[in-house]
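A.B. asks: Under the numbering used here, the residue at position 43 of the sequence shown is numbered 43, and the numbers go up by one with no gaps.
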Amino acid sequence: MTESVGSRLEAVHNALIDEPLPERLEEASCGPAVKHLAHLAMHAAGAGGTPDEWRAWVSAHVPEASAKLLAEAEECMHGAGLWPWNG
Numbered sequence: 001m002t003e004s005v006g007s008r009l010e011a012v013h014n015a016l017i018d019e020p021l022p023e024r025l026e027e028a029s030c031g032p033a034v035k036h037l038a039h040l041a042m043h044a045a046g047a048g049g050t051p052d053e054w055r056a057w058v059s060a061h062v063p064e065a066s067a068k069l070l071a072e073a074e075e076c077m078h079g080a081g082l083w084p085w086n087g
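(1) By DSSP, does Asn86 sit in helix, in strand, or in coil?
(2) Alpha carbons only, please: which of Trp85, Ala47, Pro63 and His78 is nearest the one belonging to Cys30?
(3) For Pro20, which residues from the same chain have a beta carbon less than 8 Å from its beta carbon, with the 5 sequence-adjacent residues on both sides left out?
(4) What number of angstroms, rounded off, separates the C-alpha of Gly46 from the C-alpha of Pro63?
(5) Taking only three categories from DSSP, how would you classify Gly79?
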């Protein structure tokens, strides 16, 4: 991951979500960019969005984020028991 991806994700996250990371996510052993993606996923799910809509939104708003980074975020959420969708 390049620094620009991390910086862009942090900026997008902070612009959309005015709250700290959930405690369980903060404690997860994932990188900062992955945690930003995970928190965005939690908010997307809370608003009725699907995993595919979350992925599409990230691709549109943070095109620097690779499919590999999204997969890493999904793995982190599943591993921490934080996947916000059924299945």
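Ideal Cβ positions, reconstructed from N, Cα and C, are used throughout, including at glycine. Quick caveat: nothing in here was measured; it's all calculated off a predicted structure.
C.D. replies: So, from the data block:
(1) Asn86: coil per DSSP, three-state reduction.
(2) Ranking the options by Cα distance to Cys30, first place goes to His78.
(3) The beta carbon of Pro20 is closer than 8 Å to those of Glu26 in its chain, skipping five residues each way along the sequence.
(4) Gly46 and Pro63 have their C-alpha atoms spaced approximately 23 Å apart.
(5) The three-state secondary structure of Gly79, taken from DSSP, is helix.
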